[in-house]
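Numbering (this note's numbering), first residue to last: 1 to 350.
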Amino acid sequence: MKKYVNIYIFVIVILAIIIVVGCISYNFGISPVSKESQEVIFEVKENSTYLSIAPILKENNLIRSETFYKIYVKIFNPSNLEKGTYTLNRNMGVKEIINTLEQGTEAETISFVIPEGRHITDVATYISEVTDYSSEELLNYWQSEELLDTLINKYWFITDEVKNDNLRYNLEGYFFPATYEIFKDSSMEEITYKMLDKMDEVLSKYKTEIENSDYTVHELLTLASIVENEAILDEDRPMIAQVFYNRLNQGMKLQSCATIGYAIDEWKLTYTNADLAVDSPYNTYVYYGLPVGPGNSPGEASIKAVLYPEPNNYLYFLANVYDSSSTKTYYSETYPEHQQKCLLYLGYAC
1 MKKYVNIYIF
11 VIVILAIIIV
21 VGCISYNFGI
31 SPVSKESQEV
41 IFEVKENSTY
51 LSIAPILKEN
61 NLIRSETFYK
71 IYVKIFNPSN
81 LEKGTYTLNR
91 NMGVKEIINT
101 LEQGTEAETI
111 SFVIPEGRHI
121 TDVATYISEV
131 TDYSSEELLN
141 YWQSEELLDT
151 LINKYWFITD
161 EVKNDNLRYN
171 LEGYFFPATY
181 EIFKDSSMEE
191 ITYKMLDKMD
201 EVLSKYKTEI
211 ENSDYTVHEL
221 LTLASIVENE
231 AILDEDRPMI
241 AQVFYNRLNQ
251 GMKLQSCATI
261 GYAIDEWKLT
271 YTNADLAVDS
281 PYNTYVYYGL
291 PVGPGNSPGE
301 ASIKAVLYPE
311 PNNYLYFLAN
321 VYDSSSTKTY
331 YSETYPEHQQ
341 KCLLYLGYAC
C-alpha cells in the first residue's frame, strides 16, 4: 500500500512541476519581447484573423512565441479584428497587443483605380488625385536607382532589366491594374509595394509557366502590354499573342501600332510614314524583336494570353476600328490576304 502511495505522490509532484513549468513558460511566452520602447507600424489586411496574423507579429518581433500567442487567443477569444494600421510596441505583452487591436483603428482610407492598359503617368495622376503627392513626385520616386535596387531584391519578378537606360519609365507595366484601398497617410513606398504585391499575387499563379517560358518576366509583360492594346475582346488576346509569337519565330518585325503610340506618346487610329519611321527602342516597325519594355499596364487576361496563346498559323490581323457596331478581328496567314481584308473592311491598303 505504501508503495502505491509513493507512486501517487511522485505522479502528483511530476504533474505539479509540469504545471508550474507550463505556467512559467506561458507567462514568459506572452510577455513583452523588449523592455525598451520600440514602436512598430503594423498593418492588418482585409479578412485577417488574430490567428492568421501570428506569424506576421512574430516576423516583426512583436511576440515571443506564436504558440503561446495562439493559446492566449484561444482562451480569451478577442472580438473581431478590423483591418487598418496600428501602432504597436515591442514593450507590449500579448495582452496589451490584443487590447490595442480590439480597439480598432479610425485611420482614413482612400481608393484609386488603375484600369487595364493605362500608362504609369496615368497611375501617378490617379494617385496624386487622392493623396498629397504630385504625379511628378511619384514618377521621380519610381525612377530612383535606390528604389529599383530595393525592388529587385524584394520581388522575384523584378530584375536588372528594369534598369535599362532606354526605358522611358523603369517600372512601366509593373503596377497591376486593379482597385486599391490605401490609408490616406500612406507613404509612397507603401503605395508602391501595394501595387507590386498585387502584381506578385497575379504572376505567382503562373510562376511555373513563366519559369518554363523562353522569355523573361520583363519580356512577357512587354508582349502582354502589346496584346492589351491591340485586342478588342478577351477572346482575341490568345489569338493575337500567337500571331506575335509566329512573327518572332519567323524573324519578322512585330510591326505593332501599339508600340508606335508609346514611342511617339500619341495615340491615333492610323499613323503616318513619319510616325512609323521614328527611331525609338519601342518602335517595332524599325527594330526586330520585342521592344525594350512594356508600354502600359497589362491586365491578367493579357498576361495569361502570352502564357497560353491560341495555336494558329496567322501572321496578320486587323480590327474594323471604323465600325463601332463591329468588334470582330480578322486574321490572315499571308500578306496579300491581309491586304484584301484591309481594303474590304477599312477601305484602304494596310
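The beta-carbon is built from N, C-alpha and C at its ideal position, and this holds for glycine as well.
Note that this is a predicted model, so its numbers are computed, not measured.
According to DSSP, residues forming a beta bridge with residue i
i, result
"residue 329", "319"
"residue 84", "44"
"residue 91", "Answer is none; residue 91 lacks a bridge partner."
"residue 144", "DSSP output for residue 144 lists no bridge partner at all."
"residue 49", "The partner list for residue 49 (beta bridge, DSSP) is empty, contrary to what the question assumes."
"residue 244", "None; residue 244 has no bridge partner."
"residue 109", "183"
CB-CB length for residue i against residue j, believed under 8 Å
i, j, result
"residue 120", "residue 172", "5 Å"
"residue 312", "residue 239", "6 Å"
"residue 330", "residue 318", "5 Å"
"residue 117", "residue 229", "6 Å"
"residue 24", "residue 68", "Not confirmed; about 11 Å, so no contact."
"residue 142", "residue 170", "7 Å"
Other residues of its chain near residue i: CB distance less than 8 Å, five sequence neighbours each side excluded
i, result
"residue 49", "81"
"residue 111", "130, 179, 180, 181, 182"
"residue 104", "82, 84"
"residue 153", "none"
"residue 244", "223, 226, 227, 254, 256"
"residue 200", "155, 156, 157"
Bounding residues of the alpha helix (DSSP H) (the contiguous stretch that carries residue i)
i, result
"residue 204", "188-204"
"residue 128", "120-128"
"residue 226", "217-230"
"residue 67", "66-76"
"residue 302", "300-307"
"residue 342", "335-345"
"residue 261", "257-264"
"residue 296", "Unbroken run through residue 296: none, as it is neither H nor E."
"residue 276", "273-276"
"residue 54", "54-59"
"residue 211", "207-211"
Opening and closing residue of the beta strand (DSSP E) in which residue i lies
i, result
"residue 34", "That residue, residue 34, is in no beta strand (DSSP E); it is neither H nor E in DSSP."
"residue 180", "179-183"
Beta-carbon proximity list for residue i, same chain, < 6 Å, skipping 5 on both sides
i, result
"residue 285", "255, 276"
"residue 339", "349"
Proximal residues to residue i (C-beta, below 7 Å), its chain only, five neighbours per side dropped
i, result
"residue 233", "327"
"residue 283", "259, 260, 263"
"residue 102", "78, 79"
"residue 167", "292, 293"
"residue 58", "66"
"residue 195", "175, 176, 180"
"residue 60", "40, 42"
"residue 134", "128"
CB contact below 7 Å: residue i versus chain C
i, result
"residue 39", "Included in the structure is just one protein chain, with no chain C present."
I'd like to know if the region 247-262 and the region 286-298 are in contact, where contact means that at least 3 CB-CB pairs between them fall below 8 Å.
yes
Pair every Cβ in the region 116-136 with every Cβ in the region 175-191, then say whether three or more of these pairs are closer than 8 Å.
yes
Are the region 300-320 and the region 200-214 in contact at 8 Å, needing three or more beta carbon pairs?
yes
Does the region 33-48 come within contact of the region 77-94, defined as at least 3 CB pairs closer than 8 Å?
Verdict: yes, contact present.
Report yes or no: do the region 292-299 and the region 217-228 share at least 3 C-beta pairs separated by less than 8 Å?
yes
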